[in-house]
Structure formats: structure tokens, C-alpha cells
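Inspection log for the structure reproduced underneath, given as C-alpha cells.
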Amino acid sequence: MSLTVDSDLNIKVKAPLFVSEEQIDSFVKKNEKWIKDRIDRITEMNKSLSLKPVTAPFIGEDIAIRRWDKRKTALSGGELYIRDDEPEKERAAIIRWYRDQAENLLNKRTAYWSEKIGDHPEKIRVSSARKRWGSCSSTGTVSYSWRLITAPASCIDYVIIHELCHIRNMDHSPEFWARVRTWCPEYEKQKKILENCSKKLMKEGWM
Ligand SMILES: [Zn+2]
Numbered sequence: 000m001s002l003t004v005d006s007d008l009n010i011k012v013k014a015p016l017f018v019s020e021e022q023i024d025s026f027v028k029k030n031e032k033w034i035k036d037r038i039d040r041i042t043e044m045n046k047s048l049s050l051k052p053v054t055a056p057f058i059g060e061d062i063a064i065r066r067w068d069k070r071k072t073a074l075s076g077g078e079l080y081i082r083d084d085e086p087e088k089e090r091a092a093i094i095r096w097y098r099d100q101a102e103n104l105l106n107k108r109t110a111y112w113s114e115k116i117g118d119h120p121e122k123i124r125v126s127s128a129r130k131r132w133g134s135c136s137s138t139g140t141v142s143y144s145w146r147l148i149t150a151p152a153s154c155i156d157y158v159i160i161h162e163l164c165h166i167r168n169m170d171h172s173p174e175f176w177a178r179v180r181t182w183c184p185e186y187e188k189q190k191k192i193l194e195n196c197s198k199k200l201m202k203e204g205w206m
């Protein structure tokens, strides 16, 4: 049996036909705490989405957001200026800005690490992936989620190194990790920080 709670807080149980109603009831009862936590988390997320963002995470820092009447989104004096608008439109404008920054920085850093490692991607792409920071296809296309630009610089470098090492090793074999460690000795630490970055993005309505 499986349980899901969707963004409108509908609770759904999936069960095979032979399962009785009592069994379903007791399954739901047993998972009461999980359901409650899930509802709390979704409510929190919906709330943060309907609010105007106060800060925007950018290369490991929380940048304060200021509003002006120009269309342009721009970083100035360590603050991010956006057009005063409805919350979703403001977020969309910031995400467009994130994508531009991601294209620029990730291309540069990938070129830097490609030279060092000696493997060059066929193509670099910036995606909207939520569940992964980066990926590498068998044809040598390296993709990064624009969300990677919100993480600290050391984590950005780790993801780039990870994906570039996949050009030669398409698996997560000990040999692959040994090569990652050569260029990023503290990769375990970066992985942990990235997990927290995901949680923070979720909490602040950027997922
Ligand atoms: Zn990998």
C-alpha cells in the first residue's frame, strides 16, 4: 500500500483489490504522524510561495531583495533589485536572472575544470531539474539545474567536477569516486551541504 498527500492536501491511499477496508484504515492510522508532518510541510510551502521573497540565495549567500519600478532584475551593491509585482511574477523574474547567472558562471567554471581534468563536455545545458543538481549524458552533454547557482562556490565546483568525471566513468564506481576525490578532496562535505541547500530552497519556495 502507498500513501500520498498532494499540494491541495488530498490524502490518497493506493492498495491492491484484495486489501480490506479495515486494513486500509489501520494502515492510515499507523502513518498518522507521517501524514500530519506532510500536511504541515505542504502548508508551510504553500504559504512561502504566496509570500513575496525577502532574500534570494545566491552562491551561498542570502541576497536582500529590493524593489524598484524598472523592468530589469539587477544585482547592485550586494542587493538584488527587482520590479515590484505579484509574488509569482517576482519569483519568475528572479528565476530568469538565476538562469542567466547560471549560464555565465557554470560555463566559465566548467571550462576551468575541463582544462584541469582533461575531459571536455560536448555541450553544456542549464535545466530546471529539481531532483538533481547536475547530470551527464552518454553523449557528453553536461546539464546543471539553475538551482545550483544558489549553493556555495565549493559545492558548485563539486557538482561540476562530479559531472566532468562522468565523461570518462559513466558509473559511480570506486574508480569514479577516486577521480572525484583527486579534484575535490572534501566532496563528502559538499554533498551534505547540498542536502541542506535543497531543504532551504524548498522552505523558501524556490523548488
Ligand atoms: Zn553521478
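At position 60 of the sequence shown the residue is numbered 59 (numbering that gives the first Met the number 0), and the sequence of numbers has no breaks. The beta-carbon is built from N, C-alpha and C at its ideal position, and this holds for glycine as well.
Arg-66 is the residue among Trp-176, Arg-66, Gly-77 whose C-alpha sits nearest the C-alpha of Lys-88.
With fewer than 16 other beta carbons inside 10 angstroms of its own, Gln-22 counts as exposed. Taken in chain order, the whole beta strand (DSSP E) runs of length 3 or more contained in the region 143–204 number zero. In this structure Trp-112 touches Ile-160 by the C-beta definition: roughly 6 Å separates them, less than 8 Å.
A direct Cα-Cα distance of roughly 7 Å separates Cys-135 from Ile-166. Nearest C-alpha to Lys-11 among Thr-3, Ser-142, Val-18: Thr-3. Within the region 23–79, the complete alpha helix (DSSP H) segments at least 4 residues long are 31–49, listed from N- to C-terminus.
Inter-residue distance for Met-0 and Asp-24 is about 11 Å (C-alpha atoms, whole angstroms). Val-125 has Tyr-143 as its beta-bridge partners, per DSSP. Listed in chain order, the non-local C-beta contacts of Ile-38 below 7 Å within the same chain comprise Val-4, Leu-8, local neighbours out to five positions each way being set aside. In this structure, Pro-52 and Ile-93 form a Cβ contact; the two beta carbons are roughly 7 Å apart against a cut-off of 8 Å.
Per DSSP, Ser-113 is one residue of the alpha helix (DSSP H) stretching across 86–116. One Cα belongs to Tyr-97, the other to Ser-19, and the distance between them is close to 50 Å. Looking at the backbone, the Cα of Ser-197 and that of Trp-205 are separated by about 9 Å.
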